[in-house]
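Asker:
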Amino acid sequence: MRIIFKIIAFLSFFAFLSGCGAGLTAFSKGERLEREGKLDEAVIKYSEAVASNPEMNEYRMRLLKTSEEAALRHLSKGDEFIALKNYDAALVEYQAAVALDPSLQRAKQESDKLVRQKNSRTYFKEGQDFERGNKPREALQAYRKALDLDGQNKEAKEALERLLSTKKTRLEGYELNLKSTKPITLKFKDANLKDVFYIVTQLSGINFIFDDTIKDQKVTIYLENANFQQALDLLTNMNKLGKKVLNESTILIFPKTPEKSKQYEDLVVKTFFLNTLDAKKAVNLLRTMLQVRKVYVNEELNAIVVRDTSELVDVAGKILEANDVPDAEVLLDVEVIEVSKRNIENFGLALSKYAVSLNTQTPGGGFLNDTFSRSSVSSSTGTTIQGTAGSELLQTFSWNGYSGFLTVPSASYSFGKSITNAEVLANPKIRVKNREKSKFTVGTRVPITTTSTTGTTGGFSVNVQYVDVGVKLNAEPTIMLNNEVSIKLGLEVSSIVDKQTVGGTDSATTVVTIGTRNLDTVLNLKDGETSVIGGLIEDNKQKGKQKIFLLGDIPIIGPLLSSNSNDNQKRELILAITPRLVRSVTVPEPDLVSFWSGKEDDPSVVKPFASFELEPEFAIGQPKTVKQPAASPAPVPASGPAPSRGVAPQQPIPGSLAPTPAPQATASPEIKESAPPAPGQQSAPPSAVQSQAVAPLPVVPVSPAAPAAAVAAASAVPVAAAPAPAARGSLNISAPAAVNLGSQFKVEIRVSDVKGLLKAPFILLYDPIFIDYVGAVEGTFLNRDGKPTSFSAQADKAKGRVTITLARTGAEGIDGAGSLLTATFTAKNKGPASLGLQSVNFTDQANKPIEVVPYNTVVEVK
């Protein structure tokens, strides 16, 4: 049994030694890899060492330190790949940085941003596939997801706008059931308002219900080739009317007054949960910017509850979203080093006292003066006579009981030298929010006692005060948008120079002399930039000499009979500070930074008359049409159906308001533009046709009993379909807004919205005064399907021209958008450097020109 216990103990001890040996081996390999700069491999080895010996704090600290350094290196590489527009490689580096140091928030932000952009491009490609497969609803969802992930995805934004232009008209969440998407033409002078709405009803199929307080006021309007949304916006805004959609085919019209708005407008309640913005400050922000009716602050949840119209709630939501952004943070890596050196030299003859004393002892044992004193040492030794401290007595005579004594000082010869080197290091790492104060103190609290006496009782009271001695650091960073950090820095380094005790035995007080060095400054540093502040030097030199009068002045003997002392003390304080951004300043999306907020008393996120900025829905794919000249009035039927209740009454239309009639029917036929006339024939000039189309007609009396006549007349309005817009691409120059003097930068030429592009020659113009052309490489657009291409770039640096010849060889044209080339320039002089495009002659496989709109840009050289 004893043997078994011994074997178990031996195996346990051997396993322990093996574990310690494995941890030490891994740690040694980690140190070697760290010295070689292989930080990732070093982190792995340190992790193995910590796993083998978790109780070793040294292994753990080295692992954390190396992980932080490796994460910062990956972050720097990711920034370099971003500058080279290699987003996939940058994503790998940022993700590696996050894996090594999860507290590095800037790497996480950049990683999330790149993931969103990558997913946005994936959704955009899915939308294109859905659109090619004739699945507009799925394509619309994919494009919207792409924009939700990346609001700067220009291709997805253009595709979404293109797809929305083919959808039905939507108003206040309803998809209106329009009976026709053809253009609406309204030409009225001093017409009744309800009559104009009646015409719109006949053309669109949308019914209007009017509030009983709406007066039938006169309206003058001239609107041609507009859609339903544009006509409705124009009529309601011009006449101060509000609208409320009841269903897909009915709209309520009411006066835009406070009373009627309260009557018809629905109120919504929405709770906004805030992350970083204080709820009280958010309420003050909303009340300053908007006229909020009801708002409540929930301090426990840091939320606000708003009850108002849906338009105002939408505006409030955008304002809060733009201001509720996370605070920026920075990690301040500070190193405080204090180096002190002291050199003390003592050499030569030193006497305990540079004086002698003479005294005489009387027979009675007394002295003629009190230079000496009598002390009883013991009964066996008798009486001992003592002189002054550090002196020896020498008896000079003895006569009749009188004795003479002389004090002789003691002497010592010094030849010592003392050298002291000291170094104090403090390396705090402080993580602090933007515009917040941080404080760091390392040292000791020195007690200082003070004694006070009570006058009446004669007692003593002791008070103890503590003073911080060591390193004190105060920092207040301000993080700017360009990732620079302005630091208001205060540094104090103090130490105990001397301690003295003053006062009597009962009322002794310790007096402490504290030496301090202070530094207050404001620094402006970039992310990862180190600033070293030195020169805080204290240099003290003391020299002393004691010698015997006259003897010390003898040339050769004098120095040997003198005592010399030299004390040289030097202290230097060095401060190194490096800001490392943990989370940069968050800038909201452009649509949150600036957006339309409506009118003073009518807030809305929709721009007034926004429908006029969009292309009409009916204008896509419609052939050009011209109106047939008017001839005779249309015949009027005798009767018609009665108007429905609640809908605008079908009143007779005065002749001055009647639309232009067709020659012999109730509807004017739309004909396509005819071909050029044959020789000998002459077509009517366009001006004549147009003048006839809009010529006023005589008054046609209409019986009140025949409202259907108005319907027939309304349908006789000659409606011309808008021409199909010519398909035009764009040629853009993608360049940085500003570059530094002497640096190189890249300019990308991108084409979009082209079909069948085969040849793409053009001339790139630049300002040779401010920038120099270096070279150009072909883009990926024309050869993205693997087909061969030809590319050449010939530069004329004197004139600032680069002639580009780019074409697909032996292949068909290509559709879509992409990069044609990337040119490199060098900034040589400060100023605005213009970049432009000229002689853009793009053709397709049929050698037909492709219309492309070139855009210029300017790069500021700083």
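Numbered by mature numbering (1 follows the signal peptide of the UniProt record, and there is no 0), the letters in the sequence shown go through residues -21 to -1, 1 to 841 in order. From the three backbone atoms N, C-alpha and C, an ideal C-beta is built for every residue, glycine too.
Would you kindly work out how many angstroms separate the C-alpha atoms of residue 171 and residue 196, rounded to a whole number?
Answerer: C-alpha separation (whole angstroms): 6 Å.
Asker: Compute the Euclidean distance between the alpha carbons of residue 545 and residue 521, then round it to the nearest angstrom.
Answerer: Taking the straight line from one Cα to the other gives about 6 Å.
Asker: Ignoring anything shorter than 4 residues or poking outside the segment 451 to 478, list the alpha helix (DSSP H) runs there in chain order.
Answerer: DSSP runs (the alpha helix (DSSP H)) wholly in the segment 451 to 478: none.
Asker: Taking C-alpha atoms, which residue in 310, 50, 290 lies nearest to residue 560?
Answerer: Out of 310, 50, 290, 310 has the C-alpha closest to the C-alpha of residue 560.
Asker: Say whether the segment 547 to 558 touches the segment 523 to 530, bearing in mind that this needs 3 or more beta-carbon pairs closer than 8 Å, one atom from each stretch.
Answerer: No, the segment 547 to 558 is not in contact with the segment 523 to 530.
Asker: In this structure, what does DSSP give as the bridge partners for residue 548?
Answerer: Paired residues: 321, 519.
Asker: Report, in whole angstroms, the separation of the C-beta atoms of residue 569 and residue 301, which I expect to be a contact under 8 Å.
Answerer: About 10 Å; that fails the 8 Å criterion.
Asker: What is the DSSP secondary structure of residue 833, reduced to helix, strand or coil?
Answerer: Three-state DSSP puts residue 833 in a strand.
Asker: What does the alpha-carbon distance come out to for the pair residue 810 and residue 750?
Answerer: Going by the C-alpha atoms only, they are around 9 Å apart.
Asker: Considering only residues of the same chain and omitting the five flanking positions on each side of residue 123, which have a CB-CB separation below 8 Å?
Answerer: Around residue 123: 139.
Asker: Which residues in the same chain as residue 199 place their Cβ atom closer than 8 Å to its Cβ, once the five residues preceding and following it in sequence are excluded?
Answerer: Same-chain partners within the cutoff: 167, 168, 169, 170.
Asker: Of the choices 69, 113, 179, 44, whose alpha-carbon is the least far from that of residue 79?
Answerer: For the residues 69, 113, 179, 44, the minimum Cα distance to residue 79 belongs to 44.
Asker: Which one of 298, 290, 293, 248 has the shortest CA to CA distance from residue 274?
Answerer: Closest by alpha carbon: 248.
Asker: Among 419, 63, 760, 72, whose alpha-carbon lies nearest the alpha-carbon of residue 55?
Answerer: Of 419, 63, 760, 72, the residue nearest in Cα terms is 72.
Asker: With which residues is residue 542 paired in a DSSP beta bridge?
Answerer: 327, 525, per the DSSP bridge assignment.
Asker: Measure from the alpha carbon of residue 791 to the alpha carbon of each residue in 764, 318, 325, then state which is nearest.
Answerer: Nearest option by C-alpha distance: 764.
Asker: With distances taken between CB atoms, is the gap from residue 41 to residue 25 smaller than 8 Å?
Answerer: In contact: residue 41 and residue 25 (Cβ atoms closer than 8 Å).
Asker: In terms of alpha-carbon separation, which member of 771, 111, 229 lies closest to residue 800?
Answerer: The option with the nearest alpha carbon to residue 800 is 771.
Asker: What first and last residue would you give for the alpha helix (DSSP H) that runs through residue 298?
Answerer: Counting along the chain, the alpha helix (DSSP H) containing residue 298 begins and ends at 289 to 302.
Asker: Tell me where the beta strand (DSSP E) around residue 176 begins and ends.
Answerer: From DSSP, residue 176 is part of no beta strand (DSSP E) but of the alpha helix (DSSP H) over 172 to 183.
Asker: Do residue 2 and residue 35 have their beta-carbon atoms positioned less than 8 Å apart in this structure?
Answerer: Taking 8 Å as the Cβ cut-off, residue 35 and residue 2 qualify as a contacting pair.
Asker: Are at least three pairs of beta-carbons, each pair with one atom in the segment 322 to 332 and one in the segment 403 to 422, less than 8 Å apart?
Answerer: No, the segment 322 to 332 is not in contact with the segment 403 to 422.
Asker: Where does residue 278 land, buried or exposed, given buried means 16+ other C-beta within 10 angstroms?
Answerer: So residue 278 counts as exposed.
Asker: Indicate the three-state DSSP secondary structure (helix, strand or coil) for residue 374 in the structure shown.
Answerer: Residue 374: strand per DSSP, three-state reduction.
Asker: How is the alpha helix (DSSP H) around residue 94 delimited, first residue to last?
Answerer: From DSSP, the alpha helix (DSSP H) with residue 94 extends over 84 to 111.
Asker: Do residue 424 and residue 392 have their beta-carbon atoms positioned less than 8 Å apart in this structure?
Answerer: Taking 8 Å as the Cβ cut-off, residue 392 and residue 424 do not qualify as a contacting pair.
Asker: Name the residue from 266, 475, 236, 289 whose alpha carbon lies nearest to the alpha carbon of residue 246.
Answerer: The candidate whose alpha carbon is nearest that of residue 246 is 289.
Asker: Please report the residue range of the beta strand (DSSP E) in which residue 775 lies.
Answerer: From DSSP, the beta strand (DSSP E) with residue 775 extends over 768 to 775.
Asker: Between residue 752 and residue 737, what straight-line distance do the alpha-carbon atoms span, to the nearest angstrom?
Answerer: In a straight line, the C-alpha of residue 752 is about 27 Å away from that of residue 737.
Asker: Taking the C-alpha atoms as reference points, what is the distance between residue 690 and residue 182?
Answerer: At residue 690, the pLDDT of 33 sits below 50, so the modelled position is not reliable; the number obtained from the coordinates is stated separately. Their backbone Cα atoms lie some 10 Å apart in a straight line.
Asker: Measure the alpha-carbon distance for residue 377 versus residue 389 and round it to whole angstroms.
Answerer: Near 24 Å, if we compare the C-alpha coordinates of residue 389 and residue 377.
Asker: Assign residue 828 to one of two classes, buried (16 or more other C-beta atoms within 10 Å of its C-beta) or exposed (fewer than that).
Answerer: Residue 828 should be labelled exposed.
Asker: Quick check: the segment 780 to 799 against the segment 716 to 724, are there 3 or more CB pairs under 8 Å?
Answerer: Counting Cβ pairs under 8 Å, fewer than three are found: no touch.
Asker: When DSSP labels each residue in this structure, what does residue 386 get in the three-state scheme?
Answerer: Three-state result, residue 386: strand.
Asker: With 16 other CB atoms within 10 Å as the buried threshold, where does residue 835 fall?
Answerer: When all chains shown are included, residue 835 counts as exposed.
Asker: Within this structure, are the beta carbons of residue 819 and residue 837 separated by less than 8 Å?
Answerer: Taking 8 Å as the Cβ cut-off, residue 819 and residue 837 do not qualify as a contacting pair.
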